[in-house]
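Asks: Here it is: the structure, laid out below.
Residue numbers (the numbering used here): 214 to 323.
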């Protein structure tokens, strides 16, 4: 099976053989890559204000049975919020991609 990839602005993410990888491209502001087994991946777009873009949060969850996408912020053991700013209108793009990833990992989405 080919890797499952998704590009958004200056981010490139991919899933290959049960491992999620996040690659910040130039200008994203995120200083490092992230590599996590799908079993422990958690992703969420967190909106503090309804009229402002949200923060894209990637990390490691405490419980491998937690939702892969839409993860409650308290479920994270480790998280990074420097990935991207996501307007409300773009959130469905992330939800669609990570729903597919969750299916591969046999994990729920919230």
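Glycine included, each C-beta is placed from N, C-alpha and C at the ideal position. Predicted, not measured: the structure shown is a model, and the values here were computed from it.
1) Count the other CB atoms within 10 Å of the CB of residue 309; is the residue buried (16 or more) or exposed (fewer)?
2) Less than 9 Å between the beta carbons of residue 274 and residue 290, yes or no?
3) Output the distance between the C-alpha atoms of residue 297 and residue 225, rounded to the nearest integer angstrom.
4) Alpha carbon to alpha carbon, what distance is there between residue 265 and residue 278?
5) Hey, would you say residue 320 sits closer than 9 Å to residue 252, going by beta carbons?
6) Would you kindly work out how many angstroms separate the C-alpha atoms of residue 227 and residue 323, rounded to a whole number?
7) Please identify the residue among 302, 293, 232 whose C-alpha is closest to the C-alpha of residue 271.
Replies: The structure says:
1) Under the 10 Å beta carbon count, residue 309 is surrounded by fewer than 16 other beta carbons and is classified as exposed.
2) Here residue 274 is near residue 290, since their CB atoms are less than 9 Å apart.
3) Cα to Cα, the separation comes out at about 11 Å.
4) Straight-line spacing of the CA atoms in residue 278 and residue 265 works out to 31 Å.
5) Yes, they are a contact pair.
6) Going by C-alpha positions, residue 227 is about 21 Å away from residue 323.
7) The shortest C-alpha separation from residue 271 is found at 293.
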